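Heads up: the structure comes next, in structure tokens.
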Amino acid sequence: MDFAPFVLARLPPPPARVLEVGCGSGELARALSAARYEVTAIDPNAPEGEQFRRVSFEDFGEPGPFDAVVASRSLHHIHDLGAALDKVRQLLGGEGVLVLDEFAWDRMDDATAEWYYTRRNEPVEGWRERWNEEHDGLHTYDAMRGELDERFRERSFAWLPYFYRDTDADIDVTEERLLIDKGAIRATGFRYIGEPLA
51 MDFAPFVLAR
61 LPPPPARVLE
71 VGCGSGELAR
81 ALSAARYEVT
91 AIDPNAPEGE
101 QFRRVSFEDF
111 GEPGPFDAVV
121 ASRSLHHIHD
131 LGAALDKVRQ
141 LLGGEGVLVL
151 DEFAWDRMDD
161 ATAEWYYTRR
171 NEPVEGWRER
181 WNEEHDGLHT
191 YDAMRGELDE
201 RFRERSFAWL
211 PYFYRDTDAD
221 IDVTEERLLI
231 DKGAIRATGF
241 RYIGEPLA
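Its first residue numbered 51, the sequence shown is counted upward by one per residue in this note's numbering.
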């Protein structure tokens, strides 16, 4: 489920120019740089390094065009989603690609919550109130999808496991995938690839 191989398989060939939004500790940016891409990776807490910029996407001012914009678990946090996606489209020009790894927190249901909180050794009772409070202000899947569809044409989309990433939960990605495939729990992760609409 590693994001780097997924991204590398879907980018134009190097030395394409790539913008990573919300780079965190910089692992993906370093992998792309090692593959000879020209990478600019932004995050308010970005590490030191030539390809890194300590800036929010809203305040990012370097000019495009970029051949790709990549974002992992950052879109649902951006306050003005429409304005951010307009900026992505502008930075990409007409030929670029948007690659997203995202979290649809609002797809949590009773069966998924019972499984997830049990794996965290936490009480299931009252989960919805806690869950909604923890994710208050984050964009829902429908909100993200609606804004994307206004600006981008989908190239590919897939629902995927997400909760295995939680280090406080005893969850294996293979188990999560099997439970999703059986319909026992809901997928809350997704990967989306799109290109700007004309």
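Think of the CB as a built atom: it goes at the ideal place given N, C-alpha and C, for glycine as much as any other residue.
Fair warning: this is a prediction, and the values are worked out from it, not measured in the lab.
>> Here's the rule I'm using: 16 or more other beta-carbon atoms within 10 Å means buried, otherwise exposed. How should H129 be labelled?
In response: Here residue 129 is taken as the residue at index 79 of the sequence shown, counted from 1. The residue in question, H129, is exposed, as its Cβ has fewer than 16 Cβ neighbours within 10 Å.
> Across which residues does DSSP place Y242 in a beta bridge pair?
Replying inline: As a position in the sequence shown, residue 242 is number 192, starting the count at 1. DSSP, once it has assigned bridges, lists L150, F207 as partnering Y242.
> If you draw a straight line from the alpha carbon of F110 to that of P211, how long is it in whole angstroms?
Replying inline: Counting from 1 along the sequence shown, the entry for residue 110 is found at position 60. Counting from 1 along the sequence shown, the entry for residue 211 is found at position 161. Taking the straight line from one Cα to the other gives about 31 Å.
>> Let's test the definition: count the other Cβ atoms within 10 Å of the Cβ of R104 and tell me whether it reaches 16, buried, or not, exposed.
In response: One-based indexing of the sequence shown puts residue 104 at position 54. Looking at its Cβ environment, which holds fewer than 16 other Cβ atoms inside 10 Å, R104 is exposed.
> Does DSSP put L198 in a helix, in a strand, or in coil?
Replying inline: Residue 198 sits at position 148 when you count from the first residue of the sequence shown. Looking at L198 - three-state DSSP - the assignment turns out to be helix.
>> Taking the straight line between their C-alpha atoms, what separation do you get for A237 and R195?
In response: Translated into positions along the sequence shown, residue 237 becomes position 187. Translated into positions along the sequence shown, residue 195 becomes position 145. Each residue's Cα considered, the two are about 16 Å apart.
> From what residue to what residue does the beta strand (DSSP E) around L69 run?
Replying inline: Along the sequence shown, one-based indexing puts residue 69 at 19. Looking at the DSSP string, the run of the beta strand (DSSP E) that includes L69 is 67 to 71.
> What are the partner residues of F102, as DSSP defines its beta bridges?
Replying inline: Taking the first residue of the sequence shown as position 1, residue 102 is located at position 52. F102 pairs with A91.
> Is E226 closer than 7 Å to F240 when the C-beta atoms are compared?
Replying inline: Within the sequence shown, residue 240 is the residue found at index 190, counting from 1. Within the sequence shown, residue 226 is the residue found at index 176, counting from 1. Not closer than 7 Å, so no.
> V138 lies in the alpha helix (DSSP H); which residues open and close that run?
Replying inline: Within the sequence shown, numbered from 1, the residue matching residue 138 stands at position 88. Looking at the DSSP string, the run of the alpha helix (DSSP H) that includes V138 is 131 to 142.
>> Considering only the alpha carbon of each residue, which of S124, A79, L61, G132 lies closest to E100?
In response: Walking along the sequence shown from the start, residue 100 turns up at place 50. Closest by alpha carbon: A79.
> Using a Cβ-Cβ cut-off of 6 Å (strictly less than) and excluding sequence neighbours within five positions of T162, which residues of its own chain qualify?
Replying inline: As a working mapping, residue 162 is identified with position 112 in the sequence shown. For T162, where only same-chain residues beyond five positions count, the Cβ hits under 6 Å are I235, R236.
> Can you tell me where the alpha helix (DSSP H) with V57 in it begins and where it stops?
Replying inline: Here residue 57 refers to the residue found at position 7 when the sequence shown is read from its first residue. First-last of the alpha helix (DSSP H) with V57: 53 to 58.
> To which residues of the same chain is Y167 closer than 6 Å at the C-beta, ignoring the five residues directly before and after it?
Replying inline: Residue mapping note: residue 167 aligns to position 117 of the sequence shown, counting from 1. Once the five neighbours on either side are set aside, the close Cβ partners of Y167 are V174, W177.
> Where do the N-terminal and C-terminal ends of the beta strand (DSSP E) with P174 fall, by residue?
Replying inline: Here residue 174 is taken as the residue at index 124 of the sequence shown, counted from 1. In the sequence on display, residue 174 carries Val and not Pro. Unbroken run through V174: none, as it is neither H nor E.
> When you compare only the Cα positions, how much space is there between D222 and I230?
Replying inline: Here residue 222 refers to the residue found at position 172 when the sequence shown is read from its first residue. Here residue 230 refers to the residue found at position 180 when the sequence shown is read from its first residue. The straight-line gap from Cα to Cα measures roughly 12 Å.
> Could you give the distance in angstroms between the alpha-carbon of F296 and the alpha-carbon of V149?
Replying inline: The displayed coordinates of the chain run from 51 to 248. Any statement about residue 296 would go beyond what the structure contains.
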